[in-house]
Amino acid sequence: MQRLLTILSNDASMFGMRFSPSKCKMLLQDCVTSTAELVIGSEVIERVDRFTYLGSLITSCGLMCDETSARIKKARLAFTNLRHLWRRRDNRLSTKERVY
Numbered sequence: 566m567q568r569l570l571t572i573l574s575n576d577a578s579m580f581g582m583r584f585s586p587s588k589c590k591m592l593l594q595d596c597v598t599s600t601a602e603l604v605i606g607s608e609v610i611e612r613v614d615r616f617t618y619l620g621s622l623i624t625s626c627g628l629m630c631d632e633t634s635a636r637i638k639k640a641r642l643a644f645t646n647l648r649h650l651w652r653r654r655d656n657r658l659s660t661k662e663r664v665y
């Protein structure tokens, strides 16, 4: 894997692009024995157990309960942000219904 990453980094540099190791993350799926570190240049890529990609939670074990709880937390936050709207008395009920 390190060899492929080195080749990709070298080929990208030929076109004026480079990878920023501080922005790269490594997630291993179904791989319990591998503890290898990947390196770009002289910096080690951070290994993570989960990250969010396009609004979906990706975990190393692939459990859906993590995805479900993450979506519930996002919905709770969205409704919490609307709490001030529900409590205002100067807004009509029809306005509140359209938002809901």
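Sequential numbering from 566 applies to the sequence shown in our numbering.
A virtual CB, placed ideally from N, CA and C, is assigned to each residue, including glycine.
Computed from a predicted model, the values in this text were never measured in an experiment.
Close beta carbons around residue i, own chain, < 7 Å, minus the five adjacent residues each side
{"i": "M582", "result": "none"}
Nonlocal neighbours in the same chain, by C-beta distance under 8 Å from residue i, ignoring five residues either side
{"i": "G606", "result": "S574, P586"}
{"i": "M566", "result": "A601, L603"}
Strand pairing of residue i, partner residues [DSSP]
{"i": "I623", "result": "F616"}
{"i": "M591", "result": "R612"}
{"i": "I605", "result": "E608"}
Distance CB(residue i)-CB(residue j) smaller than 8 Å
{"i": "L593", "j": "S621", "result": "no"}
{"i": "V664", "j": "L642", "result": "no"}
Proximal residues to residue i (C-beta, below 6 Å), its chain only, five neighbours per side dropped
{"i": "R612", "result": "M591"}
{"i": "R657", "result": "none"}
{"i": "V609", "result": "E602"}
{"i": "C589", "result": "I610"}
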